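What follows is one structure encoded as structure tokens, with my remarks underneath.
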Amino acid sequence: MPSAPHTEHHFTAPETVRDIVIGMSDGLTVPFALAAGLSGAKVATSVVVLAGLAEIAAGSIAMGLGGYLAARTDEEHYESERRREVRETHEIPEVEKAEVATVFEGWGLAAAQIGPIVDAISADEKRFVDFMMRFELGLEEPQPGRAVRSATTIGISYVAGGLIPLAPYFFVNDLETALTASVVVTLAALAVFGGIKARFTGIPILKGGAQTTLIGGLAAAAAFAIARLFR
């Protein structure tokens, strides 16, 4: 009886998801806390809007720049380690071969099996270096243009997240009504976002949603309470 073909589904863009998570998490939380704090201080809704937009602009640039620098650091580290591995395969090839053999020993292969495999890998410099980078150092080659994509993704995600808690203040003049709407909309967005994030990270969706909502809610509540206390 023919069996159905086995198809594996793997998520192949973990770095992009990480960037979206970084941008959206801060984008939802920081402007939300700022708007709540200003509302607690009883400022005009126009002040909340202007301050929120300024924060979103500054925050998206800062977060995007941080993502760019982090990705560039990963690229530079990878290139530095690769140059070192290339040099060592020329200067101390036997030591490098022994390190390859050690990797296979850790996988449970016998010495008689390891020898031919090591010879085959070390016969080609690129294959030799690629193996050492991946299995000795645990480094994956960064994708071309990763730094720019990371900066762009984080920045856009921050803006998208930041506009959610600020949106009610665009349309409602009454400060308390706008704050209430902002709380409802943002907590719902945090719950949905947390659930989506949990889906990709492998934790229970309800747990992920609850954690993200709790963190965002506590940040906004703290800002609101401090503003009211010192108003």
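Per our numbering, the very first residue in the sequence shown carries number 1472; after that it's consecutive. Positions of the beta carbon are idealized from the N, C-alpha and C atoms, including for glycine. Since we're looking at a predicted model, the values are computed, not measured.
- In the structure shown, LEU1580 falls within a coil segment according to DSSP collapsed to helix, strand and coil.
- Here the alpha carbon of ALA1512 sits roughly 59 Å from the alpha carbon of GLU1556.
- For LEU1658, the number of other beta carbons within 10 angstroms of its own is at least 16, and it is reported as buried.
- When TRP1578, ALA1582, VAL1571 are compared, the shortest CA-CA separation from ILE1592 is found for VAL1571.
- Contact between the stretch 1528-1536 and the stretch 1614-1629 is established, with three or more Cβ pairs separated by less than 8 Å.
- The beta carbons of GLY1632 and MET1495 sit closer together than 7 Å.
- C-alpha of LEU1509 to C-alpha of PHE1695: approximately 7 Å in a straight line.
- Between SER1517 and TYR1640, the alpha-carbon positions lie close to 8 Å from each other.
- Within the same chain, PRO1613 come within 6 Å of GLU1546 by CB-CB distance, once the 5 residues on both sides are set aside.
- The three-state secondary structure of LEU1610, taken from DSSP, is coil.
- In the structure shown, GLY1616 falls within a coil segment according to DSSP collapsed to helix, strand and coil.
- Only residues of its own chain outside the window of five on either side were considered, and among them PRO1639, VAL1643 have a CB closer than 7 Å to the CB of ALA1652, listed in chain order.
- For PRO1675, the three-state secondary structure derived from DSSP is coil.
- A straight line joining the alpha-carbon of GLU1567 with that of PRO1587 spans about 15 Å.
- The alpha-carbon separation between LEU1650 and ALA1507 amounts to approximately 7 Å.
- For ARG1670, the CB contacts under 8 Å within the same chain, skipping 5 residues up- and downstream, are ILE1676, GLY1679 in chain order.
- The continuous stretches of alpha helix (DSSP H) do not include ASP1595, and DSSP gives it neither H nor E.
- Taken atom to atom, the span from the alpha-carbon of GLU1607 to that of ALA1690 is near 42 Å.
- For the pair GLU1596 and GLY1609, the Cα-to-Cα distance works out to about 18 Å.
- Here SER1621 is actually not in contact with ALA1529; their C-beta atoms are around 19 Å apart, not less than 8 Å.
- When the five nearest sequence neighbours on each side are left out, the beta carbons in the same chain lying within less than 8 Å of the beta carbon of LEU1637 are those of PRO1502, ALA1506, VAL1519, VAL1520, GLY1523, LEU1524, ILE1527, SER1653, in order along the chain.
- Around ASP1497, the same chain offers GLY1530, MET1534, TYR1629, GLY1632 as residues with beta carbons nearer than 8 Å, after the five sequence neighbours per side are excluded.
- Between ILE1491 and GLU1565, the alpha-carbon positions lie close to 44 Å from each other.
- From the listed residues VAL1488, THR1487, VAL1514, the smallest Cα separation to LEU1646 is found for VAL1514.
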